[in-house]
Amino acid sequence: MLKITHAAGHALVTPGKQSPDGYKEWQVTSEIVKLVMLELENYEGVIQKRIDDPTGKSEIPLNKRCELVNGWGANVHIDYHLNAYGAGWNDAGGTETYMYITKPKEANALAEKIQTNLVKELGFRNRGVKAADFQMVRETNRTAIIIEFAFMTNQNEAMKMRTKEYQKKGAKAVVDGLVAQYGLKKKPSVSSTPDVLYRVQVGAFSDINHARGLGEELKARGYPAIIVTK
Ligand SMILES: [Zn+2]
107 MLKITHAAGH
117 ALVTPGKQSP
127 DGYKEWQVTS
137 EIVKLVMLEL
147 ENYEGVIQKR
157 IDDPTGKSEI
167 PLNKRCELVN
177 GWGANVHIDY
187 HLNAYGAGWN
197 DAGGTETYMY
207 ITKPKEANAL
217 AEKIQTNLVK
227 ELGFRNRGVK
237 AADFQMVRET
247 NRTAIIIEFA
257 FMTNQNEAMK
267 MRTKEYQKKG
277 AKAVVDGLVA
287 QYGLKKKPSV
297 SSTPDVLYRV
307 QVGAFSDINH
317 ARGLGEELKA
327 RGYPAIIVTK
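Residue 336, in the numbering used here, is where the sequence shown stops; the numbers in between run on with no holes.
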């Protein structure tokens, strides 16, 4: 069993935290969180929870976020962000992933895997895995990392990160890192189960003649119909 918490930085309503043209950091990070959570549903033994406000309407303070992570007993916490340098467009750019200053072994290994995947998927400059005294990695009890996918003050990176294509690339990098780190296995796929029969109902009639009439019509179009009584 692997309990994972996710948080998109910051909230839609948080001042700043946006590109120079006003596009919010959260508009990108929230989409990546949703894609990661959707994909992780396909893996066995994963329980997950989003600890920011998924509507973006309220900013949950960092100490409260840490309480939620610890109180729920998460094994892994991932914080999703876009970096910024200054307030206008500029050339600062790249991807970086953070862990706490003590460089906890598991967080370090997970951060390295995800960082490597991100650089490969997104193609932005590799700023590396870094250690920092940030609250979200300091005050969470278990493995925690902070991902800065790209710079929202870099026009090229910001525009790319607004596309579904790049959000999917980012999400894939995170999921692949988690799968490799924790040896996650996919749930058996429903569609590959051979003894499932999908039945299509096209009508329900109280008059048997109407049912027979539709049955004949379907047969004439090449669909064998079976009339059943409930
Ligand atoms: Zn941020």
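Beta carbons are placed, not taken as given, at the ideal position from N, Cα and C, and that holds for glycine.
For this session: Quick one: measure Cβ to Cβ for residue 204 and residue 257, integer angstroms, because I've assumed they're closer than 8 Å.
Result: About 15 Å; that fails the 8 Å criterion.
I need the boundaries of the beta strand (DSSP E) containing residue 116, first residue and last residue. Neither: residue 116 is in no beta strand (DSSP E) and is coded neither H nor E.
### Query
Is there at least one non-hydrogen atom of ligand 1 closer than 7 Å to the beta-carbon of residue 337?
What is shown of the chain runs 107 to 336, which leaves residue 337 out entirely.
Whose C-beta lies closer than 6 Å to the C-beta of residue 322 among residues of the same chain, with five residues either side of it excluded? Spatial neighbours of residue 322 in its own chain (CB-CB distance under 6 Å, excluding positions within 5 residues in sequence) are not present.
- Compute every distance between the C-beta of residue 123 and the non-hydrogen atoms of ligand 1, then say whether any falls below 7 Å. Checking the Cβ of residue 123 against ligand 1 gives yes.
Item to check | Contact set for residue 130: own chain, Cβ-Cβ below 7 Å, skip 5 residues either direction | outcome: So the qualifying residues of the chain are 118, 123 and 124.
Less than 7 Å between C-beta atoms, sequence neighbours within five positions excluded: which residues of the same chain meet that for residue 261?
These residues qualify, in order along the chain: 195.
Problem set entry | With 16 other Cβ atoms within 10 Å as the buried cut-off, status of residue 334 | When all chains shown are included, residue 334 counts as exposed.
message = If distances are taken between C-alpha atoms only, which option among 307, 162 and 155 comes closest to residue 176?
response = The closest CA to that of residue 176, considering only 307, 162 and 155, is found on 155.
*Through-space distance from residue 201 to residue 230, alpha-carbon basis*: Near 6 Å, if we compare the C-alpha coordinates of residue 201 and residue 230.
- Message: Give the residues whose C-beta lies closer than 5 Å to at least one heavy atom of ligand 1, in chain order.
- Response: This criterion selects 115 and 187.
Worksheet entry | Sequence-distant residues of its chain with Cβ nearer than 6 Å to residue 264 (five each side left out) | 125 and 258, listed in sequence order.
Report task. To the nearest angstrom, report how far apart residue 324 and residue 303 are at their CA atoms. Result -> Answer to the nearest angstrom: the Cα atoms are 19 Å apart.
(message) Measuring alpha carbon to alpha carbon, tell me which residue in 288, 236 and 142 is nearest residue 270.
(response) Closest in C-alpha terms to residue 270, from the list 288, 236 and 142, comes 142.
Let me make sure I understand the geometry here. Which of 281, 186 and 149 has the alpha-carbon closest to that of residue 293? Closest option to residue 293, Cα to Cα, is 149.
query = Which residue's Cα is closest to the Cα of residue 107: 211, 228 and 182?
reply = With distances taken between Cα atoms, residue 107 lies closest to 182.
How about residue 111 and residue 166: are their beta carbons less than 8 Å apart? It is not a contact, given that the beta carbons lie outside the stated cut-off.
Subject >> First and last residue of the uninterrupted beta strand (DSSP E) at residue 146 >> reply: Element bounds for residue 146: not the beta strand (DSSP E) but the alpha helix (DSSP H), 131-146.
* Cβ contact (3+ pairs, closer than 8 Å) linking the segment 276-283 and the segment 233-244 -> Cβ pair count under 8 Å is below three, so no.
Can you give me the start and stop residues for the beta strand (DSSP E) that residue 234 sits inside? Where residue 234 is concerned, the enclosing beta strand (DSSP E) stretches over 232-237.
Inset, instruction - Taking residue 114 as the reference, give the member of 328, 242 and 317 with the closest Cα. - result: Considering only alpha carbons, the answer is 242.
**Report entry** residue 202, enclosing beta strand (DSSP E) - first and last residue
**Finding:** Judged by DSSP secondary structure, residue 202 falls within the beta strand (DSSP E) whose first and last residues are 201-205.
Assign residue 206 to buried or exposed, taking buried as 16 or more other Cβ atoms, counted over all protein chains shown, within 10 Å of its Cβ.
-> Buried is the call here.
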